[in-house]
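Peer 1: Sending over a structure as structure tokens; questions will come in a sec.
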Amino acid sequence: MIFAAAAAAVTGLVPLHALGDRFSSPLPLIAYLAGACAAVAASILIALRRDAQDSARSASRATNASAPRPLPRGVERLLGAAGLLGWIWIGAVLLFGGSEGERVDDLLLWVYGWVGIAYLSMLHPDVWAAIDPNRRIARLVRTMLRRTTNAEQGPARRFDGRTVGAASLVGVVAIIWLELVATGGGGGAILLYAHALLAVWVITGRVGASDPDAWAAANDPLTAWFSMIGALRMRGLNWSATGAILTSVAVGSVIFDGLSQGQLFFDLFGVPAAPERTILLLAWLAAIALLAVIAMRLAAGRAWATALGEGLLPVAAGYLIAHYASWLLIAGQRIVVAVGDPLQRGSDYFGTAWFEPSGAFIPGAAVWALQLVAVIGGHVLGVSRGHAAVLAARRADGSSRRTLLLAQIPLAIFVLALTLVTLWSLGQVVVAAE
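Note that the numbering used here has the sequence shown beginning at 1217, numbered continuously upward.
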């Protein structure tokens, strides 16, 4: 997550997505890569051998399965209070904060926000709706203006892959650029002002919309992002092209973050300035999206968007866990210092300024094991869900078994390439051969 990508390769600094001890492995990295690719390839072969009718029936059962129950009221209120507290805290830093001591903005927005909320969203699809402070503030304003509707009094609308708008997609790309290029995963004025502008945009849009939740799904990047991740526990969704491409952006951004912290990236590009890094990021995201669309278009035909969304969502979730779990556990400890200096003025109200985050409690072997399980598991689940969608689409258009198998060869190659590149980028940092 760090703009110090190449610097890490040169100076030996450990990238933040892999904080902790390195794993002294008895096996070379290539052995793990071969094993991971073999496991994913086996899942692909098993999926290809499944009977089309059985897969169609299982997809139908998944579609009709009961959705997760709403969050308990107490949990919803707790999450809502945490969201409002964070929103107020960031606003206070913007208006009254200094530039000394522990940075609060990147801790709240990147560590606990972008990563922490994503992890919580994997557990339940309603997490973001409960946390979203902009939604609560907009609803309060609408109540004062007497614009509320009966639908707003009920639970928030859950993710629908068809409602993701171009504005949401562009907004997510802008946030990724802010993280990986403009701030390098850190904080500063640009992050605070971007947060404020987004809050004004979302609150204003929600207040003026006839259907605030529908407006947010199409125009609020945070709602699109976290709601998409929350859909991990939902099956049988229909996806638009924009929604499906959002999953490829999620996958591509995490891979870029990992690759840009490696020696190969430094050898090829050095330490690129912001304009060059922006071009590299956008070109990479576009390439991943294009390859994903082509591979799935060949496999699923006209239903490629639904198959792509269903297949890549678990992959994106696995990548988020693999890349950022140790970073969240270690960088998140900075909250101990931040509460003693909430406005970045160099204060030390609770005597915690001395505290230093530590990753000593996370063995390198545990980090590598988690990364292997997350990446392989995400791909295996993605293969299962995506293949079920492909079979349903091909069965509907009457394709033969042979046509189906041949059409999925490019997709299988694409999936294996993603597995190889992702684990290779992670292994460069975590695994040290004995």
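By construction, the Cβ of each residue, glycine as well, lies at the ideal position given by its N, Cα and C atoms.
Determine the direct distance from the alpha carbon of leucine 1496 to that of threonine 1463, and round the result to whole angstroms.
Peer 2: The residue you call residue 1463 lines up with position 247 of the sequence shown. The residue you call residue 1496 lines up with position 280 of the sequence shown. Approximately 19 Å between the Cα atoms of the pair.
Peer 1: In its own chain, which residues sit with a C-beta less than 8 Å from the C-beta of glycine 1332, not counting the 5 before and 5 after it?
Peer 2: For this step, residue 1332 is matched to residue 116 along the sequence shown. Contacts found: Leu1544 and Gly1548.
Peer 1: Counting pairs of Cβ atoms below 8 Å between the segment 1485–1493 and the segment 1440–1457, do you hit three or more?
Peer 2: no
Peer 1: Check whether the Cβ atoms of alanine 1533 and glycine 1594 lie closer than 7 Å to each other.
Peer 2: Here residue 1533 refers to the residue found at position 317 of the sequence shown. Here residue 1594 refers to the residue found at position 378 of the sequence shown. Taking 7 Å as the Cβ cut-off, alanine 1533 and glycine 1594 qualify as a contacting pair.
Peer 1: Applying the criterion that 16 or more other CB atoms from any shown protein chain within 10 Å of the CB defines a buried residue, is glycine 1567 buried or exposed?
Peer 2: One-based indexing of the sequence shown puts residue 1567 at position 351. With fewer than 16 Cβ atoms within 10 Å of its Cβ, glycine 1567 is classed as exposed.
Peer 1: Between which two residues does the beta strand (DSSP E) harbouring serine 1240 extend?
Peer 2: Reading the sequence shown from its first residue, position 24 is the one you call residue 1240. Residue range 1239–1241 is occupied by the beta strand (DSSP E) that includes serine 1240.
Peer 1: Restricting to Cα atoms, I'd like to know which of Val1645, Arg1610 and Ser1615 is closest to threonine 1522.
Peer 2: The residue given as residue 1522 occupies position 306 in the sequence shown. Nearest C-alpha to threonine 1522 among Val1645, Arg1610 and Ser1615: Arg1610.
Peer 1: Which two residues bound the contiguous alpha helix (DSSP H) that contains leucine 1385?
Peer 2: Counting from 1 along the sequence shown, the entry for residue 1385 is found at position 169. Counting along the chain, the alpha helix (DSSP H) containing leucine 1385 begins and ends at 1382–1393.
Peer 1: Rounded to the nearest angstrom, how far is the Cβ of leucine 1407 from that of threonine 1420, given a contact under 8 Å?
Peer 2: Taking the sequence shown and counting its residues from 1, one reaches residue 1407 at position 191. Taking the sequence shown and counting its residues from 1, one reaches residue 1420 at position 204. So it is not a contact: roughly 21 Å between Cβ atoms.
Peer 1: Between Val1465, Arg1422 and Ala1628, which lies nearest to leucine 1361 when the distance is taken from Cα to Cα?
Peer 2: The residue you call residue 1361 lines up with position 145 of the sequence shown. That would be Arg1422, whose Cα lies nearest to the Cα of leucine 1361.
Peer 1: I'd like the list of long-range same chain contacts for threonine 1279, defined as Cβ closer than 8 Å, with 5 residues on each side in sequence excluded.
Peer 2: The residue given as residue 1279 occupies position 63 in the sequence shown. Because the pLDDT of threonine 1279 is 46, which lies under 50, any placement of that residue in the model is unreliable, and the number read from its coordinates should be weighed accordingly. Cβ within range, chain order: Arg1451 and Gly1452.
Peer 1: Just mark aspartate 1557 as buried or exposed, buried being the case when its beta carbon has 16 or more other beta carbons within 10 Å.
Peer 2: Numbered from its first residue, the sequence shown carries residue 1557 at position 341. When all chains shown are included, aspartate 1557 counts as buried.
Peer 1: Can you give me the Cβ contacts of isoleucine 1445 inside the same chain, cut-off strictly under 7 Å, excluding the 5 residues immediately before and after it?
Peer 2: Taking the sequence shown and counting its residues from 1, the one referred to as residue 1445 is at position 229. Closer than 7 Å at the Cβ level, and outside the excluded window around isoleucine 1445, lie Ala1334, Ser1337, Met1338 and Ala1533.
Peer 1: Alanine 1283: buried (16+ other C-beta within 10 angstroms of its C-beta) or exposed?
Peer 2: Counting from 1 along the sequence shown, the entry for residue 1283 is found at position 67. Label assigned to alanine 1283: exposed.
Peer 1: Relative to the alpha-carbon of glutamate 1526, which residue among Ser1456, Gly1614 and Asp1613 has its alpha-carbon at the smallest distance?
Peer 2: Taking the first residue of the sequence shown as position 1, residue 1526 is located at position 310. For the residues Ser1456, Gly1614 and Asp1613, the minimum Cα distance to glutamate 1526 belongs to Ser1456.
Peer 1: Could you check which residue in His1539, Thr1365 and Ala1541 has the C-alpha nearest to that of threonine 1425?
Peer 2: For the purposes of this step, residue 1425 is identified with residue 209 of the sequence shown, where counting begins at 1. Per the sequence shown, the amino acid found at residue 1425 is alanine instead of threonine. Checking every option, the nearest Cα to that of alanine 1425 belongs to Thr1365.
Peer 1: In angstroms, rounded to a whole number, what distance separates the CA positions of alanine 1541 and leucine 1586?
Peer 2: Within the sequence shown, residue 1541 is the residue found at index 325, counting from 1. Within the sequence shown, residue 1586 is the residue found at index 370, counting from 1. Cα to Cα, the separation comes out at about 9 Å.
Peer 1: With a Cβ-Cβ cutoff of 7 Å, do alanine 1354 and leucine 1287 count as a contact?
Peer 2: By 1-based counting over the sequence shown, the position of residue 1354 is 138. By 1-based counting over the sequence shown, the position of residue 1287 is 71. No, the Cβ-Cβ distance between alanine 1354 and leucine 1287 is not below 7 Å.
Peer 1: Quick one: measure Cβ to Cβ for glycine 1314 and arginine 1518, integer angstroms, because I've assumed they're closer than 8 Å.
Peer 2: Translated into positions along the sequence shown, residue 1314 becomes position 98. Translated into positions along the sequence shown, residue 1518 becomes position 302. Glycine 1314 to arginine 1518, Cβ: 56 Å. No contact.
Peer 1: Helix, strand or coil: which one does DSSP assign to glutamate 1492?
Peer 2: Stepping through the sequence shown from its first residue, residue 1492 is reached at position 276. Residue state, collapsed to three classes: helix.
Peer 1: Could you compute how far the alpha carbon of alanine 1515 sits from the alpha carbon of proline 1626?
Peer 2: Taking the first residue of the sequence shown as position 1, residue 1515 is located at position 299. Taking the first residue of the sequence shown as position 1, residue 1626 is located at position 410. Answer to the nearest angstrom: the Cα atoms are 8 Å apart.
Peer 1: With a Cβ-Cβ cutoff of 7 Å, do leucine 1636 and leucine 1261 count as a contact?
Peer 2: The count along the sequence shown starts at 1 and reaches residue 1636 at position 420. The count along the sequence shown starts at 1 and reaches residue 1261 at position 45. Cβ atoms of leucine 1636 and leucine 1261: not closer than 7 Å.
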